[in-house]
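Quick note: the sequence shown uses this note's numbering, first residue 425, plus one each step.
Backbone N, C-alpha and C define an ideal beta-carbon position, used for all residues, glycine too.
Notes follow once the structure below has been shown.
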Amino acid sequence: MFVTIHSHFVNKTQTVEVPDKHFSFGPGTSLHDTNAKIFRLFNRVSHEDAVYLQELGYTLPSLSVGDTVFWRGRLYAVEPTAFREVPLP
């Protein structure tokens, strides 16, 4: 799955291919669950997180409030407690 992130902190955008092993898109999978996994994946909580993101080629800062995330045709704004879907420009 391709995920595109725009970091408001550095005003740059990057697209990264994330291995499908991180996501399951079965009948019981909610957008909230997938967005929570994306949020966790693109945050450097541990050294291992930083190494993994580097292996993916991700060079932007960790996700933070004000960033946007685009995946599977939907655009989301990162907010303090969740992602909020926003209209495509």
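Checklist line | Which listed residue (Gly497, Met425 and Asp473) has its alpha carbon closest to that of Leu487 | finding: Along the sequence shown, one-based indexing puts residue 487 at 63. Closest option to Leu487, Cα to Cα, is Asp473.
Notebook entry, point to check: Can you tell me the Cα-Cα spacing of Phe426 and Ser470, whole angstroms?
Noted result: Residue 426 sits at position 2 when you count from the first residue of the sequence shown. Residue 470 sits at position 46 when you count from the first residue of the sequence shown. Using only the alpha carbons, I get a separation of about 23 angstroms.
Notebook entry, point to check: Can you name, in chain order, every residue of its own chain whose Cβ lies under 8 angstroms from the Cβ of Arg496, other than the five neighbours on each side?
Noted result: Within the sequence shown, the letter at position 72 stands for residue 496. Excluding positions up to five away in sequence, the list reads Met425.
Check: With 16 other CB atoms within 10 Å as the buried threshold, where does Val502 fall?
Finding: As a first step, residue 502 must be located in the sequence shown, where it is residue number 78. Burial call: buried.
Checklist line | Rounded distance between the beta-carbons of Leu499 and Val489, thought under 8 angstroms | finding: As a working note, residue 489 is residue 65 in the sequence shown. As a working note, residue 499 is residue 75 in the sequence shown. Actually they are not in contact, since the Cβ atoms of Val489 and Leu499 sit about 16 angstroms apart, beyond 8 angstroms.
Margin query: What does the alpha-carbon distance come out to for the pair Tyr476 and Pro513?
Written below: Numbered from 1 along the sequence shown, position 52 holds the residue referred to as residue 476. Numbered from 1 along the sequence shown, position 89 holds the residue referred to as residue 513. Whole-angstrom Cα-Cα distance: 31 angstroms.
Item checked: Between the CA atoms of Thr483 and Ile462 - distance to the nearest angstrom -> Indexing the sequence shown from 1 puts residue 462 at position 38. Indexing the sequence shown from 1 puts residue 483 at position 59. Taking the straight line joining both Cα atoms gives about 15 angstroms.
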